[in-house]
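Engineer:
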Amino acid sequence: MSNQTPRTALVTGAARGIGAAVARRLAADGMAVAVLDLDEAAAKPVADEIVAAGGRALAIGADVADEAAVTAAVDRVVAELGAPTVLVNNAGILRDNLLFKMTVDDWDAVMGVHLRGAFLCSRAVQRHMIEQGWGRIVSLSSTSALGNRGQANYAAAKAGLQGFTKTLALELGKFGVTANAVAPGFIETDMTAATAERMGVSFEDFKKVVIAQIPVARAGTPDDIAHTVSFLASEGAGFVSGQVVYVAGGPRD
Ligand code: NAP
Numbered sequence: 001m002s003n004q005t006p007r008t009a010l011v012t013g014a015a016r017g018i019g020a021a022v023a024r025r026l027a028a029d030g031m032a033v034a035v036l037d038l039d040e041a042a043a044k045p046v047a048d049e050i051v052a053a054g055g056r057a058l059a060i061g062a063d064v065a066d067e068a069a070v071t072a073a074v075d076r077v078v079a080e081l082g083a084p085t086v087l088v089n090n091a092g093i094l095r096d097n098l099l100f101k102m103t104v105d106d107w108d109a110v111m112g113v114h115l116r117g118a119f120l121c122s123r124a125v126q127r128h129m130i131e132q133g134w135g136r137i138v139s140l141s142s143t144s145a146l147g148n149r150g151q152a153n154y155a156a157a158k159a160g161l162q163g164f165t166k167t168l169a170l171e172l173g174k175f176g177v178t179a180n181a182v183a184p185g186f187i188e189t190d191m192t193a194a195t196a197e198r199m200g201v202s203f204e205d206f207k208k209v210v211i212a213q214i215p216v217a218r219a220g221t222p223d224d225i226a227h228t229v230s231f232l233a234s235e236g237a238g239f240v241s242g243q244v245v246y247v248a249g250g251p252r253d
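Residue numbers (the working numbering): 1 to 253.
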């Protein structure tokens, strides 16, 4: 256990990919972990795995863009695991298209999950952090925040999360709460596999092209991101706030 005080973490979009790796890692760090995803049944295997390894976890189904669902989810975490003082805003979706083909639904869906979702979850959880005089909010941005063809909605949301993070750092710092963003580059998950499929290329071919541009000459893994989140959520990271950490195998900002 690297954390001195038992903490409860809430990780959104944690049924698979980066969120699942973050949930496992924070549990290994000694935290009780609420594994939240749209579908409770999809989140349950991750929670069960944590419990089987000797940890404490709870699977919760909720849409992060739904205010009432977020409130109910946080109330359940408080009742069943303890007040959450670590929040990882990880839930995300892609609705890629060039601007002239992007629908209002594509735009709203992406803003809803990433920005409204991070806002609702952070607002619901901050009360518990302030009560305990300690908290860690980590939000998943992306190198796409720097601009990425076909992702006007996603890039705007991921850049928006950086401004959101810096503002939370300013507002919540005096209560012992830090807020930081992690901006991954190319990470091998269902999300990037779906991008390859949409482009009509095999995931292996897609990876070869992307890896050729990455200085460390490999794709990122969910564990690469989990490791960075673990640091930002740790007791020792209390003087790191309002930062964006690019985890992209090279300098990307
Ligand atoms: P992923 O494999 O697609 O997993 C995302 C998870 O979020 C899924 O389990 C999904 O549930 C869940 N989710 C979607 N909408 C939700 C909602 N409204 N409420 C609750 N949960 C919701 O994605 P990933 O690759 O692990 O990405 C995780 C985060 O990192 C995202 O914010 C993403 O934008 C960011 N990121 C990823 C990469 C990358 O290369 N993979 C790079 C930069 C940033 P369903 O399965 O039910 O849809």
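The beta carbon of each residue, even a glycine, is placed where N, CA and C say it ideally should be. For clarity, every value in this text was computed on a predicted model and none was experimentally measured.
1. Should A145 and V77 be called a contact, given that it needs their Cβ atoms to be closer than 8 Å?
2. When you compare each of R25, M199, A43, A41 to V86 by their alpha carbons, which one comes out closest?
3. Suppose contacts are defined by Cβ-Cβ distances below 8 Å. Is A196 in contact with F206 by that definition?
4. Expressed to the nearest angstrom, what Euclidean distance is found between the alpha-carbon atoms of N89 and G163?
5. Contact check, D37 vs A15 under 8 Å by CB: the rounded distance?
6. Which residues does DSSP pair with A57 in a beta bridge?
7. Under 8 Å Cβ to Cβ from A69, same chain only, skipping five residues before and after it: list those, please.
8. Who pairs with G220 in a beta bridge, going by DSSP?
9. Could you tell me whether any non-hydrogen atom of the ligand NAP is closer than 7 Å to the CB of I93?
10. Would V177 be called buried (16 or more neighbouring beta carbons within 10 Å of its own) or exposed?
11. Can you give the beta carbon distance from L172 to A179, rounded, assuming they're within the 8 Å contact cut?
12. Cβ of R245 within 8 Å of Cβ of A183?
13. Using a Cβ-based criterion (distance less than 7 Å to any ligand heavy atom), does N90 qualify as near the ligand MN?
14. Does at least one heavy atom of the ligand NAP sit under 7 Å from the Cβ of L99?
15. Let me know the secondary structure DSSP gives Q162 once reduced to three states.
16. Do S234 and A169 have their CB atoms nearer than 8 Å?
17. If we require 4 or more residues per run, which alpha helix (DSSP H) segments fall completely within the region 108–153?
18. Within the present structure, is the beta-carbon of D96 separated from the nearest heavy atom of the ligand NAP by less than 7 Å?
19. Quick one, are the C-beta atoms of I93 and V113 less than 8 Å apart?
Structural biologist: The relevant details are as follows:
1. For the 8 Å CB-CB criterion, A145 and V77 do not form a contact.
2. That would be R25, whose Cα lies nearest to the Cα of V86.
3. In this structure, F206 lies closer than 8 Å to A196 by Cβ.
4. Cα-Cα distance, rounded: 14 Å.
5. With a Cβ gap of about 4 Å, D37 and A15 count as contacting.
6. DSSP lists V33 as partners of A57.
7. Counting only Cβ-Cβ distances below 8 Å, and skipping sequence neighbours, we find A62, D63.
8. G220 is bridged to I187.
9. The ligand NAP approaches I93 closely enough that one of its heavy atoms is under 7 Å from the residue's Cβ.
10. Burial call: buried.
11. By a beta-carbon distance limit of 8 Å, L172 contacts A179. Their separation comes to about 6 Å.
12. With the sequence shown as reference, residue 245 is identified as Val, and Arg is not the correct amino acid for it. Note that the C-beta distance between V245 and A183 is below 8 Å.
13. For the structure depicted, the ligand MN is absent and the ligand set comprises only the ligand NAP.
14. With a cutoff of 7 Å, L99 does not count as near the ligand NAP, since its C-beta is closer than that to no heavy atom of the ligand.
15. Residue state, collapsed to three classes: helix.
16. It is not a contact, given that the beta carbons lie outside the stated cut-off.
17. Within the region 108–153, the complete alpha helix (DSSP H) runs of at least 4 residues are 117–132.
18. No, Cβ of D96 sits at least 7 Å from all heavy atoms of the ligand NAP.
19. Cβ distance < 8 Å, so I93 and V113 count as in contact.
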